[in-house]
Amino acid sequence: MKLDTLKHGYGISSLPFAPPADYWPARVAEELARQHWSLADVHGRIDLAAWQGFLADLPRDPYVNRRWKRMSWLGLTPNGGVESLGECPMAQGGAFNDAESMADRLRYYAPLNDAFLARPDVKAFVQGWAALWGIAPGEPILMQITGVRGEGQVDPLQGQGIHADGCQALSIMVVNRDNVTGAENHLYTDKAGRSPVADATLAPGEVLHLRDDRVFHSVDGIRQLDETRPFERFIIIINSRFVDEFQNRILRRHFPDAVLYSGH
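If you count by the working numbering, then the sequence shown holds residues 52 to 315, one letter each, in order.
Spelled out as C-alpha coordinates, the structure:
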(Lines of atoms letter the chains of each structure in order from A and count residues from 1; the text may use other names and numbers.)
(Lines give C-alpha, C1' and ligand atoms only; values in the text may rest on other atoms or scores of the structure.)
Protein backbone atom coordinates (compact mmCIF):
# COMPACT_ATOMS: atom_id res chain seq x y z
CA MET A 1 0.00 0.00 0.00
CA LYS A 2 1.33 3.42 -0.92
CA LEU A 3 0.28 6.30 1.30
CA ASP A 4 -0.03 9.82 -0.05
CA THR A 5 1.19 12.69 2.08
CA LEU A 6 -1.67 13.94 4.25
CA LYS A 7 -3.25 17.23 3.24
CA HIS A 8 -3.86 20.02 5.72
CA GLY A 9 -5.57 23.36 5.37
CA TYR A 10 -5.63 24.90 8.82
CA GLY A 11 -3.14 26.66 11.05
CA ILE A 12 -2.35 26.84 14.72
CA SER A 13 -4.13 30.19 15.02
CA SER A 14 -7.47 28.73 13.93
CA LEU A 15 -7.70 25.87 16.41
CA PRO A 16 -7.19 25.84 20.19
CA PHE A 17 -5.07 23.17 21.85
CA ALA A 18 -7.37 20.16 22.12
CA PRO A 19 -7.89 18.21 25.33
CA PRO A 20 -6.19 14.81 25.14
CA ALA A 21 -9.46 12.89 24.83
CA ASP A 22 -10.04 14.14 21.29
CA TYR A 23 -6.47 14.89 20.27
CA TRP A 24 -6.50 12.27 17.50
CA PRO A 25 -9.23 11.40 15.01
CA ALA A 26 -11.25 8.36 16.08
CA ARG A 27 -9.92 6.36 13.11
CA VAL A 28 -6.36 6.42 14.58
CA ALA A 29 -7.23 4.18 17.53
CA GLU A 30 -9.34 1.95 15.28
CA GLU A 31 -6.50 1.54 12.78
CA LEU A 32 -3.99 0.76 15.53
CA ALA A 33 -6.30 -1.94 16.87
CA ARG A 34 -6.97 -3.40 13.42
CA GLN A 35 -3.68 -3.08 11.52
CA HIS A 36 -1.18 -1.98 14.22
CA TRP A 37 -0.24 1.31 12.54
CA SER A 38 -1.86 4.62 11.66
CA LEU A 39 -0.89 7.90 10.01
CA ALA A 40 -2.01 11.24 11.46
CA ASP A 41 -1.40 14.97 11.15
CA VAL A 42 -0.86 17.42 14.03
CA HIS A 43 -0.54 20.70 12.11
CA GLY A 44 -3.66 22.05 13.80
CA ARG A 45 -2.49 20.97 17.25
CA ILE A 46 1.03 22.40 17.46
CA ASP A 47 2.99 25.47 16.44
CA LEU A 48 5.35 23.60 14.12
CA ALA A 49 7.51 26.64 13.37
CA ALA A 50 8.10 27.14 17.10
CA TRP A 51 9.08 23.49 17.51
CA GLN A 52 11.51 23.82 14.62
CA GLY A 53 13.17 26.68 16.49
CA PHE A 54 14.50 24.19 19.03
CA LEU A 55 16.54 22.30 16.44
CA ALA A 56 19.37 24.83 16.26
CA ASP A 57 20.86 23.98 19.66
CA LEU A 58 20.69 20.19 19.38
CA PRO A 59 24.07 18.71 20.37
CA ARG A 60 25.83 16.15 18.22
CA ASP A 61 25.06 12.54 19.04
CA PRO A 62 28.22 11.31 20.82
CA TYR A 63 27.67 7.73 19.64
CA VAL A 64 26.58 8.12 16.02
CA ASN A 65 28.30 10.18 13.35
CA ARG A 66 26.31 12.87 11.51
CA ARG A 67 23.40 12.81 13.93
CA TRP A 68 22.12 15.35 16.49
CA LYS A 69 19.95 14.45 19.45
CA ARG A 70 18.29 15.32 22.77
CA MET A 71 16.06 13.04 24.84
CA SER A 72 14.14 13.07 28.11
CA TRP A 73 12.20 10.58 30.18
CA LEU A 74 8.74 11.95 30.92
CA GLY A 75 5.74 10.78 32.89
CA LEU A 76 2.18 11.73 33.66
CA THR A 77 1.39 13.06 37.11
CA PRO A 78 -1.65 11.71 38.99
CA ASN A 79 -3.66 14.77 37.89
CA GLY A 80 -2.70 14.26 34.23
CA GLY A 81 0.14 16.76 33.98
CA VAL A 82 3.49 16.07 32.33
CA GLU A 83 6.74 15.97 34.29
CA SER A 84 10.38 15.16 33.62
CA LEU A 85 11.51 12.03 35.47
CA GLY A 86 15.22 12.87 35.47
CA GLU A 87 18.24 11.21 33.93
CA CYS A 88 18.27 7.64 32.69
CA PRO A 89 20.32 6.35 29.77
CA MET A 90 18.84 4.91 26.62
CA ALA A 91 19.49 1.17 26.43
CA GLN A 92 18.63 -1.05 23.48
CA GLY A 93 19.51 -4.73 23.53
CA GLY A 94 21.06 -6.39 20.51
CA ALA A 95 17.81 -8.24 19.84
CA PHE A 96 16.25 -4.90 18.89
CA ASN A 97 19.20 -2.90 17.59
CA ASP A 98 21.69 -4.39 15.13
CA ALA A 99 23.98 -1.36 14.89
CA GLU A 100 27.38 -1.92 16.52
CA SER A 101 27.54 1.70 17.68
CA MET A 102 24.28 1.38 19.65
CA ALA A 103 23.45 -2.24 20.53
CA ASP A 104 23.79 -3.37 24.17
CA ARG A 105 25.20 -0.04 25.29
CA LEU A 106 24.09 2.62 27.73
CA ARG A 107 23.76 5.91 25.86
CA TYR A 108 23.51 9.24 27.64
CA TYR A 109 22.13 12.34 25.93
CA ALA A 110 21.45 15.95 26.83
CA PRO A 111 17.83 16.44 27.96
CA LEU A 112 15.15 18.19 25.96
CA ASN A 113 15.18 21.96 26.36
CA ASP A 114 13.17 23.13 29.41
CA ALA A 115 11.49 25.84 27.35
CA PHE A 116 10.40 23.21 24.83
CA LEU A 117 8.91 20.95 27.50
CA ALA A 118 7.13 23.92 29.11
CA ARG A 119 5.21 24.74 25.92
CA PRO A 120 1.45 24.07 26.24
CA ASP A 121 1.33 22.43 22.81
CA VAL A 122 4.20 20.09 23.74
CA LYS A 123 2.44 19.09 26.97
CA ALA A 124 -0.82 18.58 25.08
CA PHE A 125 0.99 16.43 22.50
CA VAL A 126 2.45 14.18 25.23
CA GLN A 127 -0.91 13.98 27.03
CA GLY A 128 -2.75 13.22 23.81
CA TRP A 129 -0.18 10.59 22.85
CA ALA A 130 -0.43 8.94 26.27
CA ALA A 131 -4.25 8.92 26.05
CA LEU A 132 -4.10 7.25 22.62
CA TRP A 133 -1.95 4.40 23.96
CA GLY A 134 -3.54 4.20 27.41
CA ILE A 135 -0.31 5.18 29.16
CA ALA A 136 -0.95 5.76 32.88
CA PRO A 137 0.85 7.83 35.53
CA GLY A 138 4.05 6.07 36.60
CA GLU A 139 4.84 4.63 33.15
CA PRO A 140 8.07 6.14 31.73
CA ILE A 141 7.75 7.83 28.33
CA LEU A 142 10.87 8.42 26.23
CA MET A 143 10.73 11.51 24.03
CA GLN A 144 13.56 12.30 21.60
CA ILE A 145 14.35 14.97 19.06
CA THR A 146 16.87 13.46 16.67
CA GLY A 147 17.96 13.81 13.09
CA VAL A 148 20.62 14.31 10.48
CA ARG A 149 22.00 17.24 8.52
CA GLY A 150 24.84 17.76 6.10
CA GLU A 151 25.78 17.08 2.49
CA GLY A 152 25.74 14.08 0.18
CA GLN A 153 23.77 11.17 1.57
CA VAL A 154 23.33 9.40 4.90
CA ASP A 155 21.62 6.38 6.40
CA PRO A 156 19.34 7.87 9.09
CA LEU A 157 19.17 4.50 10.86
CA GLN A 158 22.96 4.14 10.98
CA GLY A 159 22.92 0.46 10.11
CA GLN A 160 19.82 -0.70 11.98
CA GLY A 161 17.93 -1.63 8.80
CA ILE A 162 14.54 -3.27 9.35
CA HIS A 163 14.07 -3.24 13.10
CA ALA A 164 11.84 -2.74 16.13
CA ASP A 165 12.58 -0.30 18.95
CA GLY A 166 11.81 -2.73 21.77
CA CYS A 167 8.50 -1.33 22.99
CA GLN A 168 4.76 -1.57 22.41
CA ALA A 169 3.81 2.08 21.86
CA LEU A 170 5.85 4.04 19.31
CA SER A 171 5.18 7.18 17.28
CA ILE A 172 7.43 9.10 14.89
CA MET A 173 6.73 12.70 13.92
CA VAL A 174 8.70 14.61 11.29
CA VAL A 175 9.64 18.08 12.59
CA ASN A 176 11.40 19.33 9.48
CA ARG A 177 12.48 18.01 6.11
CA ASP A 178 14.57 20.43 4.09
CA ASN A 179 16.43 19.79 0.83
CA VAL A 180 15.83 16.06 1.24
CA THR A 181 15.00 13.29 -1.17
CA GLY A 182 14.43 9.75 0.11
CA ALA A 183 13.63 8.98 3.76
CA GLU A 184 10.59 6.88 2.86
CA ASN A 185 9.28 4.80 5.76
CA HIS A 186 8.52 1.11 5.23
CA LEU A 187 6.48 -1.20 7.46
CA TYR A 188 6.66 -5.00 7.58
CA THR A 189 5.20 -7.84 9.61
CA ASP A 190 8.60 -9.59 9.69
CA LYS A 191 12.16 -8.48 10.35
CA ALA A 192 13.39 -10.05 7.11
CA GLY A 193 11.17 -7.69 5.13
CA ARG A 194 9.41 -10.43 3.15
CA SER A 195 5.93 -9.22 4.18
CA PRO A 196 5.61 -5.49 3.47
CA VAL A 197 2.63 -3.66 4.92
CA ALA A 198 2.86 0.00 3.87
CA ASP A 199 5.15 2.78 2.65
CA ALA A 200 4.91 6.43 3.63
CA THR A 201 7.02 9.54 3.15
CA LEU A 202 6.20 11.85 6.06
CA ALA A 203 6.10 15.63 5.73
CA PRO A 204 6.69 17.95 8.70
CA GLY A 205 3.79 17.72 11.13
CA GLU A 206 2.83 14.16 10.17
CA VAL A 207 2.98 11.30 12.66
CA LEU A 208 3.35 7.57 12.12
CA HIS A 209 1.97 5.50 15.02
CA LEU A 210 3.17 1.89 15.36
CA ARG A 211 2.53 -1.10 17.57
CA ASP A 212 6.27 -1.71 17.70
CA ASP A 213 5.87 -5.25 19.03
CA ARG A 214 3.68 -6.15 16.02
CA VAL A 215 5.17 -4.18 13.11
CA PHE A 216 8.80 -3.76 12.02
CA HIS A 217 9.95 -0.57 10.33
CA SER A 218 12.77 0.96 8.32
CA VAL A 219 13.49 4.18 6.46
CA ASP A 220 15.35 4.76 3.20
CA GLY A 221 18.60 6.67 2.98
CA ILE A 222 18.56 10.46 2.74
CA ARG A 223 20.10 12.33 -0.16
CA GLN A 224 20.75 16.01 -0.73
CA LEU A 225 18.28 17.40 -3.27
CA ASP A 226 20.10 20.66 -4.09
CA GLU A 227 23.86 20.14 -3.91
CA THR A 228 24.50 23.84 -3.35
CA ARG A 229 23.09 23.77 0.19
CA PRO A 230 22.99 21.24 3.04
CA PHE A 231 20.03 19.02 3.87
CA GLU A 232 18.42 18.27 7.21
CA ARG A 233 15.66 16.04 8.52
CA PHE A 234 14.67 15.92 12.17
CA ILE A 235 12.05 13.82 13.88
CA ILE A 236 10.45 13.34 17.27
CA ILE A 237 10.32 9.77 18.53
CA ILE A 238 8.06 9.08 21.48
CA ASN A 239 7.59 5.60 22.93
CA SER A 240 6.70 3.65 26.07
CA ARG A 241 5.91 0.17 27.45
CA PHE A 242 9.27 -1.37 26.72
CA VAL A 243 9.53 -5.06 25.96
CA ASP A 244 13.33 -4.78 25.84
CA GLU A 245 14.51 -6.36 29.12
CA PHE A 246 17.79 -4.44 28.96
CA GLN A 247 16.00 -1.08 28.88
CA ASN A 248 13.61 -2.14 31.64
CA ARG A 249 16.49 -3.13 33.93
CA ILE A 250 18.03 0.30 33.49
CA LEU A 251 14.67 2.02 34.01
CA ARG A 252 14.14 0.12 37.25
CA ARG A 253 17.59 1.12 38.45
CA HIS A 254 16.97 4.83 37.85
CA PHE A 255 13.23 4.99 38.57
CA PRO A 256 12.56 2.38 41.30
CA ASP A 257 8.84 3.16 41.52
CA ALA A 258 8.17 3.18 37.78
CA VAL A 259 5.38 1.07 36.29
CA LEU A 260 7.09 -1.19 33.76
CA TYR A 261 5.85 -3.78 31.30
CA SER A 262 5.69 -7.15 33.02
CA GLY A 263 5.36 -9.43 30.00
CA HIS A 264 1.81 -10.47 30.89
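Note that CB positions come from ideal geometry on N, CA and C, so glycine has one too.
- Counted as a single uninterrupted DSSP element, the stretch harbouring H305 is not any beta strand (DSSP E) but the alpha helix (DSSP H) occupying residues E296 to H305.
- Between R228 and R304, the gap from beta carbon to beta carbon reaches 7 Å or more.
- Secondary structure at L193: strand, using DSSP grouped into helix, strand and coil.
- In the three-state DSSP reduction, V173 falls in the helix class (H, G or I).
- In the DSSP annotation of this structure, the continuous segment of the alpha helix (DSSP H) that includes A80 starts and ends at A77 to Q86.
- Check the Cα spacing between I289 and each of I273, L276 and D263: the tightest is with D263.
- Partner residues in the beta bridge of K120, as assigned by DSSP, are T197.
- Counting along the chain, the unbroken beta strand (DSSP E) around L259 starts and ends at E257 to R262.
- With three or more CB-CB distances shorter than 8 Å, the segment 163 to 172 counts as touching the segment 97 to 117.
- Of the residues assessed, Y160 falls on the buried side of the cut-off, its CB having 16 or more other CB atoms within 10 angstroms.
- Residues of the same chain with a CB within less than 6 Å of the CB of S123, apart from the 5 flanking positions on each side, are S135, P162, L163 and M194 in chain order.
- The Cβ atoms of G198 and H94 do not sit closer than 7 Å to each other.
- In this structure, the beta-carbon distance from G272 to G244 does not fall below 7 Å.
- F167 sits in a helix when the DSSP states are folded into three classes.
- Going by C-alpha positions, L157 is about 5 Å away from A142.
- In chain order, W119 place their CB closer than 6 Å to the CB of R111, counting only its own chain and leaving out the 5 sequence neighbours on each side.
- Taking A166 as reference, the option from L106, E138, A181 and N116 with the minimal CA-CA separation is L106.
- Within the same chain, R121 and I287 come within 6 Å of I196 by CB-CB distance, once the 5 residues on both sides are set aside.
- Sixteen is the threshold: since fewer than 16 other Cβ atoms of the shown chains lie within 10 Å of the Cβ of R280, the residue is exposed.
- E81 sits exposed, since fewer than 16 C-beta atoms from the chains shown fall within 10 Å of its C-beta.
- As DSSP reads the structure, A215 sits in no beta bridge.
- When the five nearest sequence neighbours on each side are left out, the beta carbons in the same chain lying within less than 6 Å of the beta carbon of F282 are those of N230, V231 and Q275, in order along the chain.
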